[in-house]
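Chains Y and G, in that order, give the protein sequences.
According to numbering that gives the first Met the number 0, the first sequence holds residues 0 to 671 in order.
According to numbering that gives the first Met the number 0, the second sequence holds residues 0 to 324 in order.
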Amino acid sequence: MRKGINRFLFVGLIALCASVLAVPIGGVTSIVTQASAATTPVSTLTIGYMQSIDSLNPYVGLNDASYVFYGMVYDALDVIDNQMNATPDLVKGPTLADGVWAVPNNTGDPDMVGMPYGSVWQYNLTHDAYWSDGEPFTADDVVWNIWLNAAPTHYKTMWAYQPYSYYMEQAKKIDDYTVRIYFWDRATGEPKAAAYAYLLSIPMLPAHLLQNKDYSDIGMNWTGVFTQDESPNMPIVGTGPWMGTPSLYSEWMAGDHITLVKNPNYFWKVDKGLNYTIKFDRIVMKFFADPTSMVLALENKEIDVAEFPPTAYQAIKNDVKDGKVQNITTFDGPKITQWWTEIDFCMNPNSGVGTNPSRLDPVIRQALQMATNKQYIVDNQYLGFADPGTTIIPPINSYWHYQPNATEMFNYNLTAAANLLTANGYVDIDGDGIRECTISSPAVERGLVPEKTKLIYNMEVRKEYPEEKLIAQYLQQEWAKIGVQLNIQVYEEVKLATDAYSYKYDTLIWYWSADVDPNYQLFVLSTQAIGGWSDNMYSNPLYDRNYSLSVSEMDKAQRRVYVDNCQKIFYDDSAYIVLAYAHQTYAWRNDTFTGWGNWTTDPGRSLDNFWMGNPIWFDLEPITKTTHTTSTPWTLIAGGAIVAAVVVVAVVFLVMRGRKKEGSLKKSPLGE
Amino acid sequence: MDMRSYMTRKLIYVLITLFAIIAFNFFLFRVMPGDPVRILVPKGVTPEVREMIMAKFYLDHPLWEQFIHYLVQVFTLDFGFTVSVPPKGVPITDMLGPPIMNTVLLLGFGTILATWWGIWLGRAAAWRRGKLADTVGMAFSLTFYSMPTFLFALIMVMVFFGQLHWFPRGDPYSMNYQNEDLLGKIWDRAYHLILPVLAYTIEMMAQFALIMRSSLTDVLTEDYIVTARAKGLSDKQILKTHAMRNAMLPVVTVTAISFGWAIGGDIMVEMVFNYKGIGLLTWDAVLARDFPVLQALFLIMAVAVLIGNFIADIVYMYLDPRVHI
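#1: Looking at C-alpha atoms only, which residue of 90(G), 29(G), 212(G) and 241(G) is the closest neighbour of residue 290(G)?
#2: Give a yes or no on whether the C-beta atoms belonging to residue 679(Y) and residue 409(Y) are separated by under 8 Å.
#3: Quick one: list the residues of chain Y neighbouring residue 171(G), beta-carbon separation under 9 Å, in chain order.
#4: Runs of 4 residues minimum, wholly inside the segment 227-251 of chain Y: which ones carry the alpha helix (DSSP H) assignment?
#5: Roughly how many angstroms separate the alpha carbons of residue 228(G) and residue 239(G), rounded to a whole number?
#6: Going by the C-beta, is residue 82(G) closer than 7 Å to any heavy atom of the ligand FMN?
#7: Please return the same chain residues whose Cβ sits closer than 7 Å to the Cβ of residue 2(Y), not counting the five positions on each side in sequence.
#8: Can the beta-carbon of residue 221(Y) be found less than 8 Å from the beta-carbon of residue 370(Y)?
#9: With 8 Å as the C-beta to C-beta threshold (strictly closer), list the residues of the segment 128-150 of chain G near chain Y in chain order.
#10: What's the gap between the Cα of residue 316(G) and the Cα of residue 219(G)?
#11: Please confirm if residue 591(Y) has its CB atom under 8 Å from at least one CB of chain G.
#12: Express the C-alpha separation of residue 186(Y) and residue 425(Y) in angstroms, rounding to a whole number.
#13: From the beta carbon of residue 245(G), is the nearest beta carbon of chain Y less than 8 Å away?
#14: Give me the Cβ distance between residue 509(Y) and residue 343(Y), rounded to the nearest whole Å; I'm assuming they're in contact under 8 Å.
#15: Can you tell me which of the three DSSP states residue 202(Y) falls into?
#16: Under 8 Å between C-beta atoms, does residue 160(G) make it to chain Y?
#17: Using the three-state DSSP reduction, which class does residue 400(Y) fall into: helix, strand or coil?
#18: One question on the structure: do residue 461(Y) and residue 495(Y) come within less than 8 Å of each other, judged by their Cβ atoms?
#19: Cβ of residue 94(G) less than 8 Å from any chain Y Cβ?
#20: In the structure shown, what three-state DSSP assignment does residue 140(Y) receive?
#21: Residue 438(Y) to residue 365(Y), Cα distance in whole Å?
#22: Anything in the segment 289-320 of chain Y with a Cβ closer than 9 Å to a Cβ of chain G? List those residues in chain order, please.
#23: For residue 368(Y), is the classification buried or exposed, using 16 other Cβ atoms within 10 angstroms of its Cβ as the cut-off for buried?
#24: Do residue 165(Y) and residue 527(Y) have their beta-carbon atoms positioned less than 8 Å apart in this structure?
#25: Going straight from the alpha carbon of residue 319(Y) to that of residue 328(Y), what length do you get?
#26: Which bits of chain G does residue 242(Y) rub up against, with CB to CB less than 8 Å?
#27: Which residues in the same chain have their Cβ closer than 8 Å to the Cβ of residue 15(G), if we skip the five residues on either side of it in sequence?
#28: Determine the DSSP secondary structure at residue 101(Y), reduced to helix, strand or coil.
#29: At what residue ranges does the segment 367-423 of chain Y contain a whole run of the beta strand (DSSP E), taking only runs of 3 or more?
#30: Among 111(G), 140(G) and 114(G), which has the Cα closest to the Cα of residue 124(G)?
#31: Cα-Cα, which of 250(Y), 345(Y) and 323(Y) is closest to residue 534(Y)?
#32: Which residues in chain B have a C-beta closer than 7 Å to the C-beta of residue 494(Y)? List them in chain order.
#33: Hey, is residue 103(G)'s beta-carbon within less than 8 Å of any beta-carbon in chain Y?
#34: Going by C-alpha distance, which of 275(Y), 333(Y) and 309(Y) is nearest residue 470(Y)?
#35: Whose C-alpha, out of 100(G), 247(G) and 68(G), is nearest the C-alpha of residue 185(G)?
#36: Given that a residue counts as buried once 16 or more other Cβ atoms are within 10 Å of its Cβ, and exposed if not, what is residue 307(G)?
This is how it looks when you write it as structure tokens:
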């Protein structure tokens, strides 16, 4: 009996192995079969990401993948076009001036009595936009969204869009499709002009579904997804060109990918013309843990496009150049999100145990700026896919960028850096190669640290960006040459973010990206942003004054003077060392979709454009790629079964033949 | 000691250990540095919001009350919410489902196959000690035992996905998974499991083979084997009835612990195959300092190892009657 069972098990095992081996054969067969037997072809654009969406709630998410997602499902009042200019979205078009303007204060309008020009803006809304659950989008939605962000009781908790909402007082409904937003100085309560109000990249959320929720719940706890009771089969309700599927939440929880489907009634088709029709059915955001996997996925048509880390991108570029891979286009150029990487110095004197407040002395930061060879970092860690950094508004935003002149510039010079430290009393007393603070050091004089405190700092870097770890390692070597020791800590970005916004660190490498108006970037480094977007607690009254003037100055040329001043002051303070203006490094398949366009002449169509209303969605056209909504793998099973049967028969035959030959027992291993 | 007493005693030990683990797990994460509210909400924490969060997570109660509350939570499988690892702000119990399912499938199948093939290989090598089969078998085992997992896994991906296109690159399932019917889902998962399972199995089977060979080699030199031979038993009978039964004891221990650890995932295999399992989640949670998630993961892993050991004790009793004397 046991013998029978064993034989049965043996044949079963062989059948199992055979079935496993049959899978690839079945898989190939199924590809062929599905191509002809498909009933519901679906064209899908699959985008690869090295980050997961951290939250589906636009008031909680922090990383770029999350913002891309919000940009797909929600709309803002106005957005960025191909040429990086503001263009109507939920406001009426065709030009921005048709939908948004600062209300004049010399027309006798009773609303404007005593109000400075630029402190009240009018937004004429489109009549054609609908929420994905069918409700119309109206002025009530805008009023509620502004109230959510700007009401004095909410403002601090609703931190996500503070760069826009800090100077907002309230929104008033004029009629169902007209809204006025009033701006003020939140500190004094006085009306204040807001020159940036032509571009408010705040995603509009559905008031009719959210107005009964508590604001702190929306800002802190809400997952971003409506329950089945709140919104049947519609977990995300936006007005955007893409919509979530009923399985969105479970897909997000599983962490592998999420699927979005086309909004068939997207209003741009009516508002802006038939050119604004989306020509494919789905977008899949696919998340990877490892860049090699993402490269393989692109090469094998598993994804259509992705942005790669520099090393992986360079490898793809080389393979394309050498003809090792076909049908892939690569693109690198300045990032339109104005992304730059920087070394943050925490400006909080009470940064906690294990940190070194001597970094608050600007002399040390300036010396470290001089000991940082940005060109080397660009050439080696970014493999040339970046430009050396200087000020906080990058050159891609050429009108607003300020480039320090020769006398202002901290050029790479280790000798000058070492001399600066020595001249300020930071010397290596005990000869261990690390400088100590002495009685004459500003850090000791200001009471930041006691004498003999060594210049040793921690540096946090993100694990998601391997090049940043390499930069930290390089800095560790370079700064050691001027007697400063760096200890590197690698964390996931969310942990780094927690430390940054708690102001509990020495230094870290992080990044900023901002929209095309300088207000966003200047705000985050102002004193008003502390406790919100400020990640290093920088505070300088002179900077704040210039920033405030830049907000209220309605004359663009004069505004530029204040923006330049802010950049100059911040550069000199060296509270950040702007390392590099990183480039976007995308690769996409040109045999699955057409219509990628020219990202050099039309930079706004990059997938980096996460400010909602990305123009590329309306130009991409699928070539051949179709997947299927349902498929029963009977062909695979039949193929597998046939192969398994053949293998089982072959093995049984071989076993039987082997038994016949077992006439003479081989020599026993236990001896004769 | 009869079997019932033996089992009862073992079960009591398991419960005591479980309580110790739960207590340790609770206090370990309470002594970690850092402000829990800051971890939960990095920006914009007003005093009112802070109070609300402290109350929501029961952090405004004395430690002993928090511990009682934690015990209740554990026994109702309520592990709280994720705080920093994506997906953020969702119930951990809901969030753990998919990675546990993925890992159990991957490492469960992998461990079964590794045990089976490892024992078979070790037995064959020991039985043919000093011969070609032994040399080849041990060379195979040592090669894969010493090879870094990520390297071997990467080679498999390059060859079977990159070059031959036989299997998917990785992932627990395809992007069309949600739209498949039940049979389609099973097939989809099976297809995606093959490469990671093979990578894990080949790495793991080496250790089973080495232990099995060493154990069986020792047993085959025992006097009772000579006695059995003298009684006229066939080689097959000696191997199955006398040698293997004793040689299996150390393998059972390793197998039980491996099954326990299987729930903890394999970070390297999961990373290379982009397979969202418990290993990858643990790695992310450690880097993100998501203490509630780590607390839940540690508890699950500890309980799994406990159960594994408990099962090993029972199997021991079956294999070796001396155990319950």
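Idealized CB from N, CA, C, for every residue including glycine.
Values in this document were obtained by computation on a predicted structure and should not be read as measured data.
Concretely, from the data shown:
#1: 29(G)
#2: Missing from the structure shown is residue 679(Y); chain Y here goes from 0 to 671 and no further.
#3: Ordered by position in chain Y, the residues that pass the 9 Å Cβ test against residue 171(G) are 253 and 255.
#4: none
#5: 13 Å
#6: Looking for the ligand FMN in the displayed structure turns up nothing, as the structure carries no ligands at all.
#7: Legend: pLDDT at residue 2(Y) = 46, less than 50; position of this residue unreliable, value from coordinates given subsequently. Hits under 7 Å: none found.
#8: No, these two residues do not count as a Cβ contact at 8 Å.
#9: Listed in sequence order: 128.
#10: Residue 316(G) and residue 219(G) have their C-alpha atoms roughly 22 Å apart.
#11: Not closer than 8 Å to any Cβ of chain G, the Cβ of residue 591(Y) fails to qualify, so no.
#12: Spanning the two alpha carbons is a distance of roughly 40 Å.
#13: In terms of beta-carbon proximity, residue 245(G) stays away from the interface with chain Y, with every pair separated by 8 Å or more.
#14: 6 Å
#15: coil
#16: yes
#17: coil
#18: yes
#19: yes
#20: In the structure shown, residue 140(Y) falls within a helical segment according to DSSP collapsed to helix, strand and coil.
#21: C-alpha separation (whole angstroms): 20 Å.
#22: 289, 291, 292, 293, 295, 296, 298, 299 and 301
#23: buried
#24: yes
#25: 8 Å
#26: Those do not exist, as residue 242(Y) stays about 15 Å from chain G at its closest Cβ, beyond 8 Å.
#27: Within its own chain, no residue has a Cβ closer than 8 Å to the Cβ of residue 15(G) once the five positions on either side in sequence are excluded.
#28: strand
#29: 385-387
#30: Checked all of 111(G), 140(G) and 114(G); the closest Cα to residue 124(G) is 140(G).
#31: 345(Y)
#32: Annotation note: the requested chain B is absent from the structure, which comprises protein chains Y and G.
#33: no
#34: 309(Y)
#35: Checking every option, the nearest Cα to that of residue 185(G) belongs to 100(G).
#36: It counts as buried.
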